[in-house]
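J.:
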Amino acid sequence: MSSAVSPSPSAAEAGQHRSAPPTAGRRRRFFDGAVGEYVYVALFAAAILTMPLWLAPIGAGYPDILQKFAIFGIFALGFNILFGFSGYLSFGHAAFLGAGSYAAVWMFKLLSMNAVFALVFAIIIAGVFALTIGFVSLRRSGIYFSILTLAFAQMSYNLAYSVLTPITNGETGLQISRSDPRIIDRAFGTSSASLPSPNFFGIELQGWAGFYFCAFLLILAFFLAMRIKNSTFGMMLLAIKSNQNRMAFTGFSTRPYLLTAFVISGMYAGLAGGLLAVTDPLAGADRMQWTASGEVVLMTILGGVGTLLGPVIGAAVMKYLEQIFSSFNDSFLYRTFDFLPNWAQETMVAITSPFVGEGWLLTLGLLFMLIVIVLPGGIMEGLRRIGGIARKPKMAGEKQMPDMPQSAHSAAE
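Residue numbers (my numbering): -6 to 406.
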């Protein structure tokens, strides 16, 4: 009698499996673990440091363009912390890029040509600037937040040309000169009569030294972004992105998390602006223009919003296209189509000329439209699809039911 009322072991086991969470049987990916994170960063570092080798065949293996890849990769990584993790779209991040450039050049003029002082000051100034703008802008969300950040960026751009001319030097731009005080350099006798260049404790940051300096900071920025994403703070940002109202109803105040993310993102932009001044000791208001803010949005969406590698890949692709297509002219097009009859050659040149040179943004626009339509998740989604096709499918007899532990399969059989 008792056996009739007591559940059988198999039924109890099945009940346990029914009550188990659906993710209980999923395998944890290798890169989700602590060791996997370091392996991931090591692979990323190896790819970045060997870029001169594997990018040489496509004409991108020289230091100037590789420096741009690294600098704008940092810029896009920082923007992705705000937009990709929390879902807040800023149209004014160029303000922090320009602020970082101005701060770095001022350190070159006042203290030393050592890039460390310039970059630290650039990060601090950009962080304070981001704290001020974020404190006001984050009172609103959605499109109103985006418009507020755009307004602040445009005000900064106009102020740099007018009221703040004694600090920014207006249209001419802020640049170093031989008569600058450079207190630390003169105190240690490292100042020279010729126009100096930025250095890292005596190593001039030009050419390959400049690239590897930027590459090291990109790797460090990538590691920090990974730690942020996998931390409790990063999970809170992702929860805000998923449903901010529900977070507020559960008693969490979302604004401190968003403001922190905004400041961190602005500091990344300040670091990128400082590195632009390191590679070229000149700061102009054009780095604060709304088009610069639009570029980082395109980079992030092009690579993949919310991913780690996506913004870096998007920045590299966009800067490579700028380098290649902006260098083409009508003479190049005539040489390209010289195998055609004259009438066909003239027709092809007339069709393609608006998409190269100064009109290279038309090519970028077409590519962006194509990727957004075909791959809404950006280039990273395309890479995931390719990886899924390349992965061998399991045999039908060995394929397990999803989200079910192995013991449940035994019971089902």
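Cβ coordinates follow ideal geometry from the N, Cα and C atoms, glycine included.
From the DSSP secondary-structure annotation, give me the bridge partner or partners of E197.
T.: N192
J.: Judging by CA-CA distance, which residue of A35, A39, G120 and I196 is the nearest neighbour of L252?
T.: Cα-wise, what sits closest to L252 is G120.
J.: Whole alpha helix (DSSP H) runs in the region 227 to 278 with 4 or more residues, listed along the chain?
T.: 247 to 272
J.: Alpha carbon to alpha carbon, what distance is there between A343 and W353?
T.: 15 Å
J.: Please state whether the Cβ-Cβ distance between M240 and A232 is less than 8 Å.
T.: Closer than 8 Å, so yes.
J.: Taking the alpha carbon of G91 as the point to measure from, which residue in R280, I366 and A285 has its own alpha carbon closest?
T.: R280
J.: Skipping 5 residues on each side, what residues in its chain have a beta carbon closer than 7 Å to that of M292?
T.: In its chain, beyond the 5 residues on either side, F65, A69, P304, G307, A308 and M311 have a beta carbon closer than 7 Å to the beta carbon of M292.
J.: Report the start-end ranges of each alpha helix (DSSP H) in the region 334 to 380 that is 4 residues or longer and not cut off at the edges.
T.: 335 to 345 and 353 to 367
J.: Restricting to Cα atoms, I'd like to know which of F122, I41 and S139 is closest to A262.
T.: F122
J.: Among E288, A265 and T225, which one has its Cα closest to the Cα of S83?
T.: E288
J.: Look at V290 and G77 and say whether their C-beta atoms are less than 8 Å apart.
T.: no
J.: Return the residue from the list A87, A115, F138 and G227 that minimises the CA-CA distance to Q282.
T.: A87
J.: Pick from L302, G54 and L217: whose alpha carbon is nearest that of S258?
T.: The shortest C-alpha separation from S258 is found at L217.
J.: When you compare each of L143, T142 and G166 to A153 by their alpha carbons, which one comes out closest?
T.: G166
J.: With three or more beta-carbon pairs closer than 8 Å as the criterion, would you say the region 101 to 115 touches the region 168 to 185?
T.: Counting Cβ pairs under 8 Å, three or more are found: they touch.
J.: Which of the three DSSP states, helix, strand or coil, is assigned to L48?
T.: coil
J.: Sort out for me which residues DSSP pairs L477 with in a bridge.
T.: Not covered by the structure: residue 477. The range shown for the chain is -6 to 406.
J.: So, under 8 Å CB-CB, S130 and F138 are touching, yes? Tell me the CB distance rounded to an integer number of Å.
T.: About 6 Å separates the beta carbon of S130 from that of F138, a gap short enough to meet the 8 Å contact definition.
J.: Taking Cβ positions, are A96 and A115 nearer each other than 8 Å?
T.: yes
J.: Rounding to the nearest angstrom, what Cα-Cα distance links L359 and F62 in this structure?
T.: 21 Å
J.: Over the uninterrupted alpha helix (DSSP H) stretch that includes T329, give me the two end residues.
T.: D323 to T329
J.: So, helix, strand or coil for L407, using DSSP?
T.: Beyond the ends of the chain as shown, which are -6 and 406, falls residue 407; an answer cannot be given.
J.: How would you call S224, buried or exposed, if buried means at least 16 neighbouring beta carbons within 10 angstroms?
T.: By the 10 Å Cβ count, S224 comes out exposed.
J.: Should T158 be listed as close to the ligand ZN, given that the test is whether its C-beta is under 7 Å from any heavy atom?
T.: This structure lacks the ligand ZN; in fact it carries no ligand of any kind.
J.: Quick one: what's N107 bridged to in DSSP?
T.: N192
J.: Mark V156 as exposed unless 16 or more other C-beta atoms lie within 10 angstroms of its C-beta, in which case mark it buried.
T.: exposed
J.: For G120, name the three-state secondary structure that DSSP assigns.
T.: helix
J.: Terminal residues of the continuous alpha helix (DSSP H) containing R179?
T.: I176 to A180
J.: Since I believe A278 is in contact with T356 (beta carbons under 8 Å), could you give me their beta-carbon distance rounded to a whole number of angstroms?
T.: Their Cβ separation, rounded to whole angstroms, is 27 Å, which puts T356 and A278 out of contact at 8 Å.
J.: From this set, E30, G266, F245 and A383, which residue's C-alpha is nearest I118's C-alpha?
T.: With distances taken between Cα atoms, I118 lies closest to G266.
J.: Tell me which same chain residues have a C-beta within less than 7 Å of the C-beta of Q199, skipping the five on either side of it?
T.: S190
J.: Considering only the alpha carbon of each residue, which of E30, L59 and R133 lies closest to N81?
T.: Just to set this straight, residue 81 is Tyr in the shown sequence, not Asn. Minimum Cα distance to Y81 is reached at R133.
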